[in-house]
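Novice: With numbering that gives the first Met the number 0, the residue at position 105 of the sequence shown is 104, and numbering never jumps.
Just so it is clear, CB atoms sit at the ideal spot from N, CA and C, and this is done for glycine as well.
Quantities reported herein were computed from a predicted structural model and do not represent experimental measurements.
Below is the structure I would like to discuss, written out as C-alpha cells.
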Amino acid sequence: MIGRRWRVAVAALIAIGIGAGLGFGPTTRADAVGGNSEISADRVVILGVPGLLWGDLASGLAPELTRLAADAALGNMTVRAARSRTCILDGWATLGAGNRARYPAPTEDVVESLPPLTAEQEAERMATLVGCGQQEQVALAGLTDVTQT
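This is how it looks when you write it as C-alpha cells:
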C-alpha cells in the first residue's frame, strides 16, 4: 500500500514540474494589461492527486507544493458521481463528461446455484476491490500484477 509520505512526495514533484512549466509563461499580471481585471485563460491544467488533503500543504512536507498553492488559482473538487461510493475512475470520467458519469464496471455473471459468501469470504473479496473495480479494469487492460498499480 502506498504510504502518505510517498503520496505527498509524488504530489510535490508533480507540482514542481507544473510550477517550472508555468514559470515560462507571461510575467505580466492579467489585470495589469489594459486595466482589465477579468482573467481569461486559453488552457487549464488539472492536477489530480488522490488522497491529498489541504492539511498536507500546511504540514511542511511539500514546500514546493505549498508555494504553488500560494501563487496559483486553486479549486477543490469533491467527486460526486453516479455511484453512491466515491471512485477515482468515476471522478475523471465525470470531469471529462462535464456531468456525473460512471466508469463501466466489469460485468459479473450471476450464478444462482452458488451458496452465499460467508462474512470472511465477503471481506476478502471486498479487500481485493479498489474503488469501483479498479483492479479488475486494470486486469482487463492486460496488466499482469494488478495489486501493484
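1. When you compare each of E123, G59, E121, L116 to A10 by their alpha carbons, which one comes out closest?
2. Would the beta-carbon of E123 be found less than 7 Å away from any heavy atom of the ligand PLP?
3. Tell me which same chain residues have a C-beta within less than 6 Å of the C-beta of L116, skipping the five on either side of it?
4. Give the DSSP-derived three-state secondary structure of R66 in the structure shown.
5. Taking the Cβ atom as the reference point for each residue, do L64 and L73 lie within a distance shorter than 8 Å?
6. Going straight from the alpha carbon of A118 to that of L51, what length do you get?
7. Which term fits A92, buried or exposed, when burial requires 16 or more other beta carbons within 10 angstroms of its beta carbon?
8. According to DSSP, simplified to helix, strand and coil, what is E37?
Specialist: The answer reads as follows:
1. Residue numbering aside, residue 10 sits at position 11 when the sequence shown is read from its first letter. Of the candidates E123, G59, E121, L116, the one whose C-alpha sits nearest the C-alpha of A10 is G59.
2. This structure does not include the ligand PLP; it has no bound ligands of any sort.
3. Locating residue 116 in the sequence shown gives position 117, counting from the first residue. Closer than 6 Å at the Cβ level, and outside the excluded window around L116, lies no residue.
4. On the sequence shown, position 67 is the one that residue 66 refers to. Here R66 sits in helix by DSSP.
5. For the purposes of this step, residue 64 is taken as residue 65 along the sequence shown, with counting starting at 1. For the purposes of this step, residue 73 is taken as residue 74 along the sequence shown, with counting starting at 1. Against a cut-off of 8 Å, the Cβ pair of L73 and L64 comes out as no contact.
6. Reading the sequence shown from its first residue, position 119 is the one you call residue 118. Reading the sequence shown from its first residue, position 52 is the one you call residue 51. Rounded to the nearest angstrom, the two C-alpha atoms are 32 Å apart.
7. In the sequence shown, counting from the first residue as 1, residue 92 sits at position 93. Buried, since its Cβ has 16 or more Cβ neighbours within 10 Å.
8. Within the sequence shown, numbered from 1, the residue matching residue 37 stands at position 38. Coil.
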